[in-house]
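Q: Structure provided below as structure tokens; questions to follow.
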Amino acid sequence: MNITQITETYIKEHPSIRNCLKNNLINYSKLSRLIIKELHLEKKTTKDALLIAARRYQTKLKKQQSNEKEIITLLKKSEIEIKTKIVVFVVEKSLYLDNLLDLEKKIKKKADLFYAIEGTAAFTLITTEKYYDDFVQFFKHKIVNESRELVMIIIKSSKDIEETPGVVSYLLSLFAENQVNAYEIMSCWTDTIFVIHQNDLEKAIGFLKF
């Protein structure tokens, strides 16, 4: 990577620095020295080269701010729905598919929550604690991982989300900045869905107030 790429990558990986840079609250000389020190670039570049790269990146971030205003306007009009007692299973792909279909029919017949995400090596299955024993019974030898004590946050936006770039990326940055781990992330038309630990719910509700 060249110096510009190194500088931008470093700033992207440090959201607090990125935010200060975006709001013009950064000391460029100190930032340049910090990057050189942390990445051991003493023999590869100069402080001035990094300083110039950081200033150029700040210009890019300024242009992104207008898009962020559109995103926040959209999110202010969105509704948030919370579902508790969520459980997530990761199941081997070699499972007996008829079992999965039977279980899905049983859950959906009762109008309960069920999501199935097919990956390259496994299925991720999301439902409520009510069906925990059923899942264990059906897939006991195929379960790779399970996560309990989870909640689901569903952000319901208008159709404008289709034409507003960066909404999911912006939301993910909020979760990262607030150190809230998203176990699963899904998007279905105007719904953006996050599955997090129940202990993080209060914090998440706080930073999702737009």
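Going left to right, the sequence shown walks through residues 85 to 294 as my numbering numbers them.
Note that CB positions come from ideal geometry on N, CA and C, so glycine has one too.
1. Check whether the Cβ atoms of Asp-196 and Lys-214 lie closer than 8 Å to each other.
2. What are the start and end residues of each continuous beta strand (DSSP E) run of 3 or more residues lying completely inside the segment 132 to 195, in chain order?
3. Within 10 Å of its beta-carbon, does Phe-173 have 16 or more other beta-carbons around it, so buried, or fewer, so exposed?
4. Pick out whichever of Arg-232, Lys-243, Lys-193, Lys-106 has its Cα sitting closest to the Cα of Ile-319.
5. Would you kindly work out how many angstroms separate the C-alpha atoms of Gln-142 and Ala-133, rounded to a whole number?
6. Can you give me the C-alpha to C-alpha distance between Pro-99 and Thr-212, rounded to a whole angstrom?
7. Our contact map puts Leu-145 next to Tyr-112 with C-beta atoms below 8 Å; I'd like the distance itself, whole angstroms only.
8. So, at 8 Å on beta carbons, what are the nonlocal neighbours of Ser-271 in its own chain, with the 5 sequence-adjacent residues on each side left out?
9. Based on the DSSP output, what are the partners of Ile-277 in its beta bridges?
10. Spell out the partners DSSP gives Ser-231 in its beta bridges.
11. Measuring straight from C-alpha to C-alpha, what distance separates Thr-208 and Leu-285?
12. Where do the N-terminal and C-terminal ends of the alpha helix (DSSP H) with Leu-125 fall, by residue?
13. Put Thr-204 into one of helix, strand or coil per three-state DSSP.
14. Give me whichever residues DSSP pairs with Leu-209 in a beta bridge.
15. Closest by CA to Leu-184, which one among Ile-95, Thr-157, Ile-227?
16. Measure the alpha-carbon distance for Gln-148 versus Tyr-267 and round it to whole angstroms.
17. Determine whether the beta carbon atoms of Lys-265 and Ile-280 lie at a separation below 8 Å.
18. Kindly indicate the opening and closing residues of the alpha helix (DSSP H) around Thr-129.
19. Between the Cα of Phe-291 and those of Lys-160, Leu-181, Asp-275, Ser-241, spot the shortest distance and give me the residue it belongs to.
20. Using the Cβ count rule (16 or more neighbours within 10 Å means buried), how would you classify Ile-170?
21. Cβ of Tyr-254 within 8 Å of Cβ of Glu-122?
A: Reading from the atomic positions:
1. For this step, residue 196 is matched to residue 112 along the sequence shown. For this step, residue 214 is matched to residue 130 along the sequence shown. Closer than 8 Å, so yes.
2. Along the segment 132 to 195, the beta strand (DSSP E) occurs as fully enclosed runs of 3 or more residues at 163 to 176, listed in sequence order.
3. Within the sequence shown, residue 173 is the residue found at index 89, counting from 1. With 16 or more Cβ atoms within 10 Å of its Cβ, Phe-173 is classed as buried.
4. As shown, the chain starts at 85 and ends at 294. That puts residue 319 outside it, with no answer to give.
5. Numbered from 1 along the sequence shown, position 58 holds the residue referred to as residue 142. Numbered from 1 along the sequence shown, position 49 holds the residue referred to as residue 133. Roughly 14 Å between the two C-alpha positions.
6. Indexing the sequence shown from 1 puts residue 99 at position 15. Indexing the sequence shown from 1 puts residue 212 at position 128. In a straight line, the C-alpha of Pro-99 is about 33 Å away from that of Thr-212.
7. Position 61 of the sequence shown, counting from 1, holds the residue named residue 145. Position 28 of the sequence shown, counting from 1, holds the residue named residue 112. Not a contact, Cβ separation roughly 13 Å.
8. As a first step, residue 271 is located in the sequence shown; it is residue number 187 there, counting from the start. Val-252, Ile-277.
9. For the purposes of this step, residue 277 is taken as residue 193 along the sequence shown, with counting starting at 1. Ile-238, Met-270.
10. On the sequence shown, residue 231 is found 147 positions in, with the first residue counted as 1. Partner(s): Val-172.
11. Reading the sequence shown from its first residue, position 124 is the one you call residue 208. Reading the sequence shown from its first residue, position 201 is the one you call residue 285. One C-alpha to the other measures close to 22 Å.
12. Translated into positions along the sequence shown, residue 125 becomes position 41. No alpha helix (DSSP H) contains Leu-125, which DSSP labels as neither H nor E.
13. Counting from 1 along the sequence shown, the entry for residue 204 is found at position 120. Correct three-state label for Thr-204: coil.
14. Counting from one through the sequence shown, the residue named residue 209 turns up at place 125. BP columns for Leu-209 point to Phe-173, Ala-200.
15. Here residue 184 corresponds to residue number 100 of the sequence shown, with the count starting at 1. Taking only the C-alpha atoms, the option nearest Leu-184 is Ile-227.
16. Mapped onto the sequence shown, residue 148 falls at position 64. Mapped onto the sequence shown, residue 267 falls at position 183. Each residue's alpha carbon lies about 28 Å from the other.
17. Taking the sequence shown and counting its residues from 1, the one referred to as residue 265 is at position 181. Taking the sequence shown and counting its residues from 1, the one referred to as residue 280 is at position 196. According to the sequence displayed, residue 265 carries Asn and not Lys. In contact: Asn-265 and Ile-280 (Cβ atoms closer than 8 Å).
18. Looking up residue 129 in the sequence shown gives position 45. Run containing Thr-129: none; DSSP gives neither H nor E here.
19. Counted from its first residue, the sequence shown places residue 291 at position 207. Per the C-alpha coordinates, the member of Lys-160, Leu-181, Asp-275, Ser-241 positioned closest to Phe-291 is Lys-160.
20. Within the sequence shown, numbered from 1, the residue matching residue 170 stands at position 86. Classification for Ile-170: buried.
21. Here the question's residue 254 lines up with position 170 in the sequence shown. Here the question's residue 122 lines up with position 38 in the sequence shown. No. Outside cutoff.
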